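Enquirer: Okay, so the sequence shown: first residue is 1 according to full-length UniProt numbering, each after it adds one.
Below are the structure tokens for one structure; questions will follow.
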Amino acid sequence: MTPVWKRWLPAAVVPAVIAGGVVLGTVQAGAATDLPDKTPQEVLEMVADSSVRSLSGTVEQTSELGLPQLPTDSPSGESGAPSGVASALELLGGSHTARVYLDGHSQARVQVMDRLAERDVIRNGRDVWLYSSKQNAATHLILPEGSETEGHHGDKAWTPEDLAEHFLSSVEPSTEVTVGADAEVAGRTAYELVLTPDSSETLVRSVSIAVDSETGLPLSVDVAARGQDAPAFEVGFTELSLETPSDDLFNFTPPPGATVTERVVEDHHGKHAKGDHGDRHQGDGNHDKDYTKYGSGWETVIGLPADEVPAELLDSPVIAETAQEVDGGRLLSSALVNVLVTDDGRVFAGSVPLEQLQAAAEGR
């Protein structure tokens, strides 16, 4: 999923279906599953060659990120950045269920099932609808011309495959790759691909990816954090069908009385230039913000200048109440990702200890 696409998704939706996980016990390993042996390279090739483009299923999550408890009077569910932060932290800190429907490059639907409410993201070609039943409010987005034929928007988003691709992109040369025990996920046999960072300067201890033995589709992703026994993130299917979903699922009409907001997503074609202390990106083909990349692989830190940080984020009461004061700014800390907001309004984030964020902020 590209950053431009993510920018328009509610913060409450993205973590639930991408950065979430499966209920404990969904991945079952044991003697009952006995697949032909494969090397790590062969399993990686299975993932690369996977051609699954249509599916429907249930994705469930658990997470143990060590996030601070949100204040009970924090805003949630309303439109705007502060409530988006609150919703994101709420979803990242608990267990959630989503129904996912995909068909080809440009049709997708996600239904995040809340208690007594539902949040929907529906894409059909260039049209995207975001809907909250709790507020009876919808946002209609129109994507740029040509986006309906781009595979990175619809065919892999909101599934374990998207998260798996993120980690697999960091495989070389900073990762040891092995094949673990055969497993069963959502009733399908799977190979377990285990990624272990060579670096000790990352919060990630290991990543386990269950790869469907028949199609090469990633079925679940398990992320373990250093110094923590329980998995920090687990994301995967508990139910899965590879049949093509009905076209009706990708049509959406706001219910009577719903508040509707119309938006058009601009087309951004960026460029890349070298910075003094890292790689400075502008747009990067699918990003509409300037940022600087420090380090590489698992130790990557992304820096955002103050003039590119939304004021709503800096002024968020949720950040004010959950971030801790550190030298040079405020730290929003979790088991897998740290975010440093400096005193001068810049933001630095990465799966690294605070000291590396501070070093990046100081240009070291």
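All C-beta atoms in this analysis are idealised placements derived from N, C-alpha and C, irrespective of residue type, glycine included.
Nothing here was measured: the structure is a model prediction, and the numbers come from that model.
(1) At the level of alpha carbons, what is the spacing between Pro254 and Arg123?
(2) Suppose you measure from the CA of Glu321 to the CA of Arg188; what does that come to, to the nearest Å?
(3) With a cut-off of 8 Å on the beta carbons, I'd call Leu183 and Ala210 a contact; round off their distance for me.
(4) Starting from Gln135, follow the beta strand (DSSP E) in both directions and report where the run begins and ends.
(5) Reducing DSSP to helix, strand and coil, say where Glu165 ends up.
(6) In chain order, what residues of the same chain lie with their CB nearer than 8 Å to the CB of Pro256, ignoring the 5 residues before and after it?
(7) Kindly indicate which three-state DSSP category Thr322 falls into: helix, strand or coil?
(8) Alpha carbons only, please: which of Gln358, Thr300, Leu354, Glu239 is nearest the one belonging to Thr97?
(9) How would you write the range of the alpha helix (DSSP H) that Asp290 sits in, first residue to last?
(10) Should Ser246 go down as buried or exposed, given a rule of 16 or more other Cβ atoms within 10 Å for buried?
(11) Tell me the rounded alpha-carbon separation between Val23 and Thr33.
(12) Out of curiosity, what's the CA-to-CA distance linking Glu355 and Tyr291?
(13) Measuring straight from C-alpha to C-alpha, what distance separates Gly283 and Leu35?
(14) Alpha helix (DSSP H) containing Ala361: first to last residue?
(15) Evaluate Arg364 with the Cβ neighbour count: other Cβ atoms within 10 Å of its Cβ, from every protein chain shown; 16 or more gives buried, anything less gives exposed.
(16) Looking only at its own chain, which residues have a Cβ that is under 6 Å from the Cβ of Ser132, when we skip the five neighbours before and after it?
(17) Checking the sheet assignment: what are the DSSP bridge partners for Pro218?
(18) Does the pairing of the region 203 to 221 with the region 43 to 52 give three or more beta-carbon distances under 8 Å?
(19) Which residue wins for smallest C-alpha separation from Gly297, given the options Thr202, Pro310, Arg330, Gln111?
(20) Can you find the residues in the same chain that come closer than 6 Å, C-beta to C-beta, to Asp73, ignoring five residues on each side of it along the sequence?
(21) Could you have a look at Asp307 and say whether DSSP puts it in helix, strand or coil?
(22) How would you write the range of the beta strand (DSSP E) that Val265 sits in, first residue to last?
(23) Excluding the 5 residues flanking Thr139 on each side, which residues of the same chain have their C-beta closer than 6 Å to its C-beta?
(24) Mapping the DSSP letters down to three states, classify Asp49 as helix, strand or coil.
(25) Got a sec, what are the start and stop residues for the beta strand (DSSP E) Asp103 sits in?
(26) DSSP state of Gly227, grouped into three classes?
(27) Per DSSP, what kind of secondary structure is Leu313 in: helix, strand or coil?
(28) Would the beta-carbon of Ala230 fall within 8 Å of that of Glu60?
(29) Between Gln107, Ala360, Arg226, which has its C-alpha nearest Asp127's C-alpha?
(30) Just verifying my parser: in three-state terms, what is the DSSP assignment at Pro173?
Expert: Once the coordinates are examined:
(1) Approximately 14 Å, taken between the alpha carbons.
(2) 43 Å
(3) Here residue 183 turns out to be Ala, not Leu, going by the sequence shown. With 8 Å as the limit, Ala183 and Ala210 qualify as a contact, their Cβ atoms being about 5 Å apart.
(4) Counting along the chain, Gln135 falls outside any beta strand (DSSP E), and DSSP gives it neither H nor E.
(5) helix
(6) For Pro256, where only same-chain residues beyond five positions count, there are no Cβ hits under 8 Å.
(7) helix
(8) The residue among Gln358, Thr300, Leu354, Glu239 with its C-alpha nearest the C-alpha of Thr97 is Glu239.
(9) Looking at the DSSP string, Asp290 is not in any alpha helix (DSSP H); the run it does join, the beta strand (DSSP E), is 290 to 294.
(10) Answer is exposed; the Cβ neighbour count stays below 16.
(11) Confidence in Val23 is poor, its pLDDT being 30 and thus under 50, which makes the residue's placement too unreliable to answer from.
(12) Distance between the alpha carbons of Glu355 and Tyr291: 20 Å.
(13) Annotation note: pLDDT 41 at Gly283 (below 50); position unreliable, coordinate value reported separately. If you take the alpha carbons of Gly283 and Leu35, they lie about 44 Å apart.
(14) Residue range 354 to 361 is occupied by the alpha helix (DSSP H) that includes Ala361.
(15) exposed
(16) Arg119
(17) Val211
(18) In short, these stretches touch, since the Cβ pair count reaches three.
(19) Among Thr202, Pro310, Arg330, Gln111, the Cα nearest to that of Gly297 is on Thr202.
(20) Bear in mind that the predicted position of Asp73 carries a pLDDT of just 45, short of 50, making it unreliable; the figure below should be weighed with that in mind. For Asp73, where only same-chain residues beyond five positions count, there are no Cβ hits under 6 Å.
(21) helix
(22) Here Val265 belongs to no beta strand (DSSP E), and DSSP marks it neither H nor E.
(23) Leu130, Thr261
(24) In the structure shown, the three-state DSSP call for Asp49 is helix.
(25) 96 to 103
(26) coil
(27) helix
(28) no
(29) Gln107
(30) coil
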